[in-house]
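Residue numbers (this note's numbering): 3 to 242. Working notes, structure below.
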């Protein structure tokens, strides 16, 4: 049976998420395209735009996964340096293969923990993360750590799913996410549990206002939020 109960400890959730993403790596990109109705790459490009890069920016992509955002950032900072960090080695292996095919010589992939980033203070001009907040055991700690590695006036841009507020669409979205997504996971990825965790994690996740409050409390200023896809995806930005 799928594990739909709250995790008893942060380490329990961390290990569950690590095992889940390691096991689903080979299906991850295809399922993202299917579940987002082909829109997820567009959202990731919008996230990269909000990072406000210059050609020579130094950029960190946290929870890089299979490297889609990392490679988009590398295109936008061709004479800079982009580092993607993730704790799931199978995902990083796929990202490395993508980077090789794209000849993205300015992109580097690093195995590491988002809550203990292996970088010095004040290293990066910008930092991004996409669809990681629901999987992190300590969102406030993540924002604090990302701020630590940003240079003064560095920009954070992060993207996460959120529950829509329009009544009719909220009901349709709930039906799709809670009923259809697990079926697609079982049929296309042979992994119903992972795609039951996906809607469960969103149902338990904080509101957009709570995310923005965590950003403020971590020390970010000029915090803002942009909603996409009828309010189902949010991009948050802030300055150090």
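Heads up, the beta-carbon is just placed ideally off N, CA and C, and yes, glycines get one too.
Whole-angstrom distance between residue j and residue i, CA atom to CA atom
i	j	result
residue 183	residue 38	10 angstroms
residue 76	residue 15	31 angstroms
residue 152	residue 53	12 angstroms
residue 233	residue 136	17 angstroms
residue 177	residue 171	10 angstroms
residue 42	residue 231	10 angstroms
residue 3	residue 223	For residue 3, the pLDDT reaches just 32, beneath the cut-off of 50, and the residue's location in the model is therefore unreliable, leaving the point undetermined.
residue 22	residue 203	13 angstroms
residue 229	residue 105	33 angstroms
residue 235	residue 227	10 angstroms
residue 7	residue 201	Reliability fails at residue 7, whose pLDDT of 48 lies under 50, so the model's placement of it is uncertain and the value that follows must be treated cautiously. Approximately 13 angstroms, taken between the alpha carbons.
residue 64	residue 164	19 angstroms
residue 220	residue 26	32 angstroms
residue 66	residue 130	9 angstroms
residue 237	residue 144	16 angstroms
residue 138	residue 107	29 angstroms
residue 140	residue 9	13 angstroms
residue 187	residue 47	25 angstroms
residue 13	residue 90	15 angstroms
residue 19	residue 215	25 angstroms
residue 88	residue 68	9 angstroms
residue 157	residue 146	13 angstroms
residue 35	residue 189	15 angstroms
residue 5	residue 124	Residue confidence for residue 5 is low, a pLDDT of 44 falling below 50, so the modelled location carries little weight; the figure read from the coordinates is stated next. When rounded, the distance between both Cα atoms is 39 angstroms.
Environment of residue i [buried if 16+ CB atoms lie within 10 Å]
i	result
residue 242	buried
residue 50	buried
residue 167	exposed
residue 196	buried
residue 159	buried
residue 45	buried
residue 185	exposed
residue 217	buried
residue 205	exposed
residue 198	buried
residue 122	exposed
residue 56	exposed
residue 155	exposed
residue 17	exposed
residue 169	exposed
residue 174	exposed
residue 102	exposed
residue 127	buried
residue 134	buried
residue 149	buried
residue 132	buried
Residue i at chain C interface by Cβ criterion, 8 angstroms
i	result
residue 45	Included in the structure is just one protein chain, with no chain C present.
Residue span of the alpha helix (DSSP H) that contains residue i, given as start and end
i	result
residue 176	169-177
residue 146	141-151
residue 211	210-219
N- and C-terminal bounds of the beta strand (DSSP E) containing residue i
i	result
residue 223	223-230
residue 236	235-241
residue 86	83-88
Next on the checklist: Check whether the segment 207-218 and the segment 102-119 touch, using three or more Cβ-Cβ pairs below 8 angstroms as the test.
Outcome noted: Not touching, per the Cβ criterion.
Checklist entry - Between the segment 89-98 and the segment 53-72, do three or more beta carbon pairs fall short of 8 angstroms? => result Under the Cβ criterion (8 angstroms, minimum of three pairs), the segment 89-98 counts as touching the segment 53-72.
Checklist entry - What are the uninterrupted segments assigned as beta strand (DSSP E) that are 3 or more residues long and contained completely in the segment 31-72, given in chain order? => result The qualifying runs are 60-64.
Item to check | the segment 103-114 touching the segment 16-34, judged by at least three CB pairs closer than 8 angstroms | outcome: The answer is no - the segment 16-34 does not touch the segment 103-114, with fewer than three Cβ pairs under 8 angstroms.
Next on the checklist: Can you confirm whether the segment 77-85 touches the segment 52-66 when touching is taken to mean that 3 or more C-beta pairs between the two stretches lie within less than 8 angstroms?
Outcome noted: Output reads yes: the segment 77-85 touches the segment 52-66.
Checklist entry - In chain order, which continuous runs of the beta strand (DSSP E) of length 3 or greater are located wholly inside the segment 99-134? => result List check, beta strand (DSSP E) in window: 109-113, 126-132.
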